[in-house]
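Taken in order, the sequence shown gives residues 324 to 488; the numbers are from my numbering.
Cβ coordinates follow ideal geometry from the N, Cα and C atoms, glycine included.
Report on the following structure.
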Amino acid sequence: MVIDIIDLSDPQYADLNPVQLSMVRAAQAQKDKLLADLEAKIAKRFLYTVARNTARSSAVKREEARLRAAADAAVDFVRENLLYELAYETFQNEGNENGRYSYPANPNYNLSYSQRFLVVRQFYMQLTSDPVARLEAYRMDTLARTYLGDFYQTLYDMLASECKQ
């Protein structure tokens with residue numbers, strides 16, 4: 324697989340951890356699929372216009388430009404999302420004198436409250452697949468109340484809504 328979703332030098336690519344490598348590969352696969360779908364649409368459109376003797380129409384060229392612009396925007400979204408995920412993963416792998424950051428053993432207080440929300444949500448989603456047990460464990464977590472601040476109630480409501488389904 325040729326990786327061209329983001330520009331990385333060989334040393335930068337070698338510094339990526341396995342999780343980051345999988346993120347890059349997944350984003351590259353997503354980009355490749357978007358571009359393959361674009362080319363398939365353009366080819367199908369071309370055959371349709373040839374059959375109707377309108378292949379040289381300016382409307383066809385405008386439609387192709389519109390399709391390419393939409394695909395470029397989708398690829399840019401994938402690229403920006405990948406860069407955010409790589410930066411977040413790097414930040415999460417750091418630590419302090421107590422070791423690597425992890426919730427609840429060594430929470431990272433350098434994160435914004437929205438990032439803390441994501442960390443705690445991920446912890447509880449991986450904790451158990453039973454939504455009732457997950458909500459009860461979260462309700463008993465006193466660290467989450469101070470660590471999340473106003474986001475505590477948001478996550479509580481989200482976990483409670485899963486119990487009702």
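The alpha helix (DSSP H) with residue i in it runs from where to where?
i, result
"P454", "454–463"
"I365", "341–374"
"R444", "436–450"
"A481", "Position check: residue 481 holds Met in this sequence, whereas Ala was assumed. First-last of the alpha helix (DSSP H) with M481: 474–487."
"A337", "333–337"
In its own chain, which residues sit with a C-beta less than 8 Å from the C-beta of residue i, not counting the 5 before and 5 after it?
i, result
"L358", "A394, V398"
"N404", "A350"
Roughly how many whole angstroms lie between the Cα atoms of residue i and residue j?
i, j, result
"V342", "D355", "20 Å"
"I326", "L450", "34 Å"
"Y424", "A483", "27 Å"
"A460", "L478", "12 Å"
"R379", "A396", "26 Å"
"R444", "I329", "29 Å"
Beta-carbon within less than 6 Å of residue i's beta-carbon, same chain only, minus the 5 sequence neighbours each way: which residues are those?
i, result
"P427", "L466"
"Y436", "G472, F474"
By Cβ distance below 7 Å, which residues in the same chain neighbour residue i in space, the five residues on each side in sequence not counted?
i, result
"E386", "R368"
Just to confirm, are residue i and residue j a CB contact at a threshold of 8 Å?
i, j, result
"Q353", "V401", "yes"
"R391", "L370", "no"
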